[in-house]
Amino acid sequence: MAKKKASLEELLEAMYDEENPQKVENLASQILAVSPENPEALFMLADLTEDVEESVGFTERAVAELRRLVEKNPHDEELSLLLTEGLQRLGFAYIFDENGAKALETAEALLERGTEENDGAYWGRAIRYIGLLQTGQYSTVLEEVLADSEKTPFSAHAQAIATLELAGPGRESHLALLEAFRVAPNLPFYLLDYWDAPDSDEDDEDTLLEFSAATLLHPVWVQTEERIMALSTATTFFGYLTDRLPEDVLEEIRTELAQTPVFPVLEMGRSQIEAVCGGDDTDWETLDQTALDILSRMEELSE
Numbered sequence: 026m027a028k029k030k031a032s033l034e035e036l037l038e039a040m041y042d043e044e045n046p047q048k049v050e051n052l053a054s055q056i057l058a059v060s061p062e063n064p065e066a067l068f069m070l071a072d073l074t075e076d077v078e079e080s081v082g083f084t085e086r087a088v089a090e091l092r093r094l095v096e097k098n099p100h101d102e103e104l105s106l107l108l109t110e111g112l113q114r115l116g117f118a119y120i121f122d123e124n125g126a127k128a129l130e131t132a133e134a135l136l137e138r139g140t141e142e143n144d145g146a147y148w149g150r151a152i153r154y155i156g157l158l159q160t161g162q163y164s165t166v167l168e169e170v171l172a173d174s175e176k177t178p179f180s181a182h183a184q185a186i187a188t189l190e191l192a193g194p195g196r197e198s199h200l201a202l203l204e205a206f207r208v209a210p211n212l213p214f215y216l217l218d219y220w221d222a223p224d225s226d227e228d229d230e231d232t233l234l235e236f237s238a239a240t241l242l243h244p245v246w247v248q249t250e251e252r253i254m255a256l257s258t259a260t261t262f263f264g265y266l267t268d269r270l271p272e273d274v275l276e277e278i279r280t281e282l283a284q285t286p287v288f289p290v291l292e293m294g295r296s297q298i299e300a301v302c303g304g305d306d307t308d309w310e311t312l313d314q315t316a317l318d319i320l321s322r323m324e325e326l327s328e
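Each number in the numbering used here corresponds to the 1-based position in the sequence shown with 25 added.
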């Protein structure tokens, strides 16, 4: 007796339940054989591939199909939400492909659909800031940061990068970077791979958001040696004051750091922090703000 062919719904359920990547890819291919432009299967293939251009291609196809379906079914809320999520994914894909112009186009479409319920406005602004940086529109970044009513990791880091590009290394760009650290103190440690990725099943939502922001900001921070140097230097000083540096990183830089004129100033800063924040129960918010206040006053660190 012939084996009954699995339905589309059964294949989709099996694809989401499967943990083996190769089997997931096979199931996604089976779904596309039944439903050639199935957005869920295309998104899954985009996630599985390590080829950035291929990932962009799968995501573009999925979004195009979702746009067609939403136009055909304008009152279907589930489809509408899936399109918003798809545009977000497409914006991310363009950023990782270093296609800032396409990222800006996608951000505009995402902002048009953004509501408080679907986070479209938040991620639309995030993708727009990074797209502006990738296309070298630094003055526009600063104008939009000033007009933005909400300070986010993306607006703060975009401001820091734009300031560095327009003003060059120095006190102004150093202070802008420290302000970005105030918004999301853990983010630079994820961005520079000093910390491992958080556990999606165990860590809180804020931690996962910081990691996601770090992942999305990575392409623009590593775009030039000057940016890498500015970020890694500030992160090292901040991490040293707040004991965030992993032991292997600390061991690697300790000798070199101790030989710089900055080291005595940092040691004095650690003493000040101990006086303010000493004790068994660490108040991380107070510790971080105290450390950043100290760093912002240290002229030696921005010369």
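Think of the CB as a built atom: it goes at the ideal place given N, C-alpha and C, for glycine as much as any other residue.
Inter-residue spacing [alpha-carbon to alpha-carbon] between Met-26 and Gly-111: With a pLDDT of only 33 at Met-26, under the threshold of 50, the placement of this residue in the model should not be trusted, and no figure is reported.
Outcome for Lys-28 when other beta-carbon atoms lying within 10 angstroms are tallied against a minimum of 16: The pLDDT assigned to Lys-28 is 45, lower than 50, so where the model puts this residue is not dependable; a value taken from the coordinates is nonetheless given after this. Taking all protein chains in view, the Cβ of Lys-28 is surrounded by fewer than 16 other Cβ atoms within 10 Å, so the residue is classified as exposed.
Contact between the stretch 172-185 and the stretch 197-216 (3+ Cβ pairs under 8 Å): Result yes; three or more Cβ-Cβ pairs closer than 8 Å.
Own chain residues within Cβ distance below 7 Å of Gln-55, not counting five before or after: Cβ within range, chain order: Leu-36.
Stretch pair the stretch 240-257 + the stretch 209-218: three plus CB contacts closer than 8 Å: With the cut-off at 8 Å, the stretch 240-257 and the stretch 209-218 touch.
Where the alpha helix (DSSP H) containing Val-95 begins and where it ends: Note, Val-95: alpha helix (DSSP H), 77-97.
Buried or exposed (CB count within 10 angstroms, at least 16 for buried), Thr-315: Thr-315 should be labelled buried.
Start and end residues, alpha helix (DSSP H) containing Glu-276: Run containing Glu-276: 272-283, per the alpha helix (DSSP H) assignment.
Which of helix, strand or coil DSSP assigns to Asp-218: Assignment of Asp-218 by DSSP, reduced to helix, strand and coil, places it in the coil class.
Close-in-space but distant-in-sequence residues of the same chain around Asp-1 (CB under 6 Å, 5 per side omitted): Since the first residue shown for the chain is 26 and the last is 328, residue 1 is missing from the structure and cannot be characterised.
C-alpha gap between Trp-246 and Ile-186, whole angstroms: Approximately 8 Å, taken between the alpha carbons.
Among Leu-33, His-100, Glu-62 and Leu-70, nearest to Asn-51 - alpha-carbon criterion: Comparing Cα-Cα distances from Asn-51 to each of Leu-33, His-100, Glu-62 and Leu-70, the minimum goes to Leu-70.
Spatial neighbours of Val-77 in its chain, beta-carbon cut-off 6 Å, leaving aside the 5 residues before and after: Within the same chain, Val-77 has close Cβ partners Phe-121 and Asp-122.
Touching by the beta-carbon criterion (3+ pairs, under 8 Å), the stretch 154-163 and the stretch 128-145: Verdict: yes, contact present.
Residue closest to Glu-168, alpha-carbon to alpha-carbon, out of Thr-188, Leu-275, Glu-292 and Gly-145: Considering only alpha carbons, the answer is Thr-188.
Residue from Met-323, Val-59, Asn-63 and Ile-278 with nearest C-alpha to Arg-196: A check of alpha carbon separations from Arg-196 across Met-323, Val-59, Asn-63 and Ile-278 identifies Met-323 as the nearest.
Nearest to Ser-105 (by Cα), restricted to the options Ala-118, Ala-58, Ile-298 and Asp-144: For Ser-105, the nearest C-alpha among the options comes from Asp-144.
Residue environment, Met-40, which counts as buried when at least 16 other CB atoms sit within 10 Å: By the neighbour-count definition (other C-beta atoms within 10 Å, threshold 16), Met-40 is a buried residue.
Continuous alpha helix (DSSP H) assignments of at least 4 residues falling wholly in the stretch 129-168: When DSSP assignments are scanned along the stretch 129-168, the uninterrupted stretches of alpha helix (DSSP H) that are 4 or more residues long and fall wholly within it turn out to be 145-159.
Distance, Glu-299 Cα to Leu-266 Cα: Taking the straight line from one Cα to the other gives about 10 Å.
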